[in-house]
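Numbering (this note's numbering), first residue to last: 757 to 1164.
For glycine and all other residues, C-beta sits at the position ideal for the given N, C-alpha and C.
Computed from a predicted structure; not experimentally measured.
Notes follow the structure.
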């Protein structure tokens, strides 16, 4: 005779309950097992290898990472700290009744992805070339996701590859991007970020700064900006680019011989005069090529200049017969010629001083000559007769009526 559930010899025993847990590698997982009617039986936790961890309050496995949290007739809760990937699997809670009843708890251990690394173009890349970068992160479980940015702009990956690591549990993920670089991409930051559930609200990323080589540009700047005849003038060839131009060739249009070839970008005129008028050419050269900048210098007298036009913002004009230098600048690399910029003339203090001195000297010479002429004329006209003692004026012949004076 088989006893029924209503038999006084056998009564219903409730099923133990557990829950699946997910833990990040290195973290702590808590396993709880509960039962409503233990029927005076103890609860037990076993690991995936079916090794008993705890039987009631009694520790069965010597592993200090495993600790008892709570033990009552209705509950057995334990914790496992410093979880490793090998701790993953099904843990069993058992109650030893007739028959033995069990419940399973699946523990999932997440592998934390390592900080990503970017490969490719550690050296500078020339403009208009295709940049190819690869981002790689290993140790993730499950496989992580990688995303790209250039500055604040998202980059679309060209492909992603997932490879299982040698431990058979984690994965290495690789992602590639390709894009054409311009000179604006110089010093741009390309970032690869790994996304994974183990990172929760944090993220891991790596940034690589691009170095782009591009052709040089150049322009010529005069110092001072408004040069004057007789003064010192410096023309500076301002070369920009990556790399920066290191060689500067100065020439004058119409001249066969170059003026200067060196790493110095400055051409010096110690004493500016009219013969310096002309177009000056600076050729700036880097490893990416050469560029030409032009500067038009016109040194002339103000009297030779055309009548100035009145502009909306009038500028003061210099006095007459004062030297003036006009200069304009153009860069050969630009598509349209640069406008001519007239240097505003400034009155020459030294020229005015010399003019005043010359005028004073001329006046003094003129006065001296006039005085000599008047004095000579006076002496000639007043050469007359004299009366000696005892003489009358009729004793000598008279020509023109002389002035009568007493002779000594």
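Close beta carbons around residue i, own chain, < 7 Å, minus the five adjacent residues each side
{"i": "residue 1164", "result": "Model confidence at residue 1164 stands at a pLDDT of 44, short of 50, so the residue's coordinates are unreliable; what they give is reported in the following sentence. There are no such residues."}
{"i": "residue 1060", "result": "Here residue 1060 scores only 46 on pLDDT, less than 50, and its place in the model should not be relied on; the value that follows carries that caveat. If we look at residue 1060 and ignore the five residues flanking it on each side, it has no Cβ neighbours."}
{"i": "residue 794", "result": "829, 830, 851"}
{"i": "residue 816", "result": "808, 809, 810"}
Residue closest to residue i, alpha-carbon to alpha-carbon, out of the options
{"i": "residue 893", "options": "951, 853, 859", "result": "951"}
{"i": "residue 770", "options": "780, 857, 1029, 845", "result": "857"}
{"i": "residue 1031", "options": "1038, 1018, 1011, 842", "result": "1011"}
{"i": "residue 805", "options": "794, 772, 844, 820", "result": "844"}
{"i": "residue 792", "options": "802, 997, 830", "result": "830"}
{"i": "residue 713", "options": "814, 905, 981, 975", "result": "Since the first and last residues shown for the chain are 757 and 1164, residue 713 lies out of range."}
{"i": "residue 874", "options": "979, 940, 904", "result": "904"}
{"i": "residue 1166", "options": "1019, 817, 979, 1006", "result": "The question about residue 1166 has no answer, for the chain in this structure spans 757 to 1164."}
{"i": "residue 869", "options": "854, 929, 1008", "result": "929"}
{"i": "residue 876", "options": "1134, 1048, 934, 895", "result": "934"}
{"i": "residue 785", "options": "994, 803, 1017", "result": "803"}
{"i": "residue 1034", "options": "1019, 1047, 1028, 1052", "result": "1052"}
{"i": "residue 1008", "options": "981, 1020, 1048", "result": "1048"}
{"i": "residue 1028", "options": "1020, 1019, 982, 1013", "result": "982"}
{"i": "residue 994", "options": "1014, 1019, 911, 958", "result": "1019"}
{"i": "residue 941", "options": "909, 913, 957", "result": "909"}
{"i": "residue 812", "options": "849, 778, 783", "result": "849"}
{"i": "residue 946", "options": "913, 1114, 854", "result": "913"}
{"i": "residue 846", "options": "1115, 1116, 1135, 778", "result": "778"}
Close Cβ partners of residue i (< 8 Å) along its chain, the five nearest in sequence each way excluded
{"i": "residue 872", "result": "891, 892, 893, 902, 948, 949, 950, 960, 961, 962"}
{"i": "residue 776", "result": "861, 862, 863, 864"}
{"i": "residue 841", "result": "781, 865, 867, 897, 923, 925, 926"}
{"i": "residue 996", "result": "972, 973, 974"}
{"i": "residue 990", "result": "978, 979, 1022, 1023, 1024, 1025"}
{"i": "residue 1016", "result": "1004, 1005, 1006, 1023"}
{"i": "residue 1014", "result": "1005, 1006, 1007"}
{"i": "residue 1128", "result": "none"}
Cβ-Cβ distance between residue i and residue j below 8 Å
{"i": "residue 988", "j": "residue 1025", "result": "yes"}
{"i": "residue 824", "j": "residue 834", "result": "yes"}
{"i": "residue 915", "j": "residue 932", "result": "yes"}
{"i": "residue 800", "j": "residue 773", "result": "no"}
{"i": "residue 882", "j": "residue 969", "result": "yes"}
{"i": "residue 992", "j": "residue 880", "result": "no"}
{"i": "residue 838", "j": "residue 821", "result": "yes"}
{"i": "residue 906", "j": "residue 859", "result": "no"}
Cβ shell of residue i (< 6 Å), same chain only, five flanking positions each side left out
{"i": "residue 780", "result": "866, 954"}
{"i": "residue 852", "result": "797"}
{"i": "residue 788", "result": "833"}
{"i": "residue 971", "result": "1044, 1045"}
{"i": "residue 1106", "result": "Confidence at residue 1106 is low in this model, with a pLDDT of 45, below 50, so its placement is unreliable and the value that follows should be read with caution. Result list for residue 1106: empty, nothing under 6 Å."}
{"i": "residue 895", "result": "867, 869, 870, 926"}
{"i": "residue 1123", "result": "none"}
{"i": "residue 938", "result": "883"}
{"i": "residue 899", "result": "918, 927, 929"}
{"i": "residue 1183", "result": "Lying outside 757 to 1164, the shown extent of the chain, residue 1183 is not represented and no answer is given."}
{"i": "residue 1063", "result": "Because residue 1063 sits at a pLDDT of 42, beneath the cut-off of 50, its placement in the model cannot be relied upon, and the point is left open."}
Worksheet item: Fully enclosed by the segment 966 to 1025, which beta strand (DSSP E) runs are 3 residues long or longer?
Response: 968 to 979, 989 to 998, 1003 to 1008, 1016 to 1018, 1022 to 1025
Worksheet item: Using 8 Å as the Cβ pair cut-off and three pairs as the minimum, do the segment 990 to 1009 and the segment 1030 to 1046 touch?
Response: yes
Worksheet item: Can you find at least 3 beta carbon pairs, one from the segment 880 to 887 and one from the segment 908 to 921, that sit closer than 8 Å?
Response: no
Discussion item. To test your reading of the DSSP string, which unbroken beta strand (DSSP E) runs of 3 or more residues are found completely within the segment 912 to 964?
Written reply: 915 to 920, 927 to 936, 945 to 951
Discussion item. Please give me, in chain order, every unbroken run of the beta strand (DSSP E) with length at least 3 that falls completely inside the segment 820 to 907.
Written reply: 822 to 828, 831 to 836, 845 to 851, 857 to 866, 873 to 875, 886 to 896, 901 to 906
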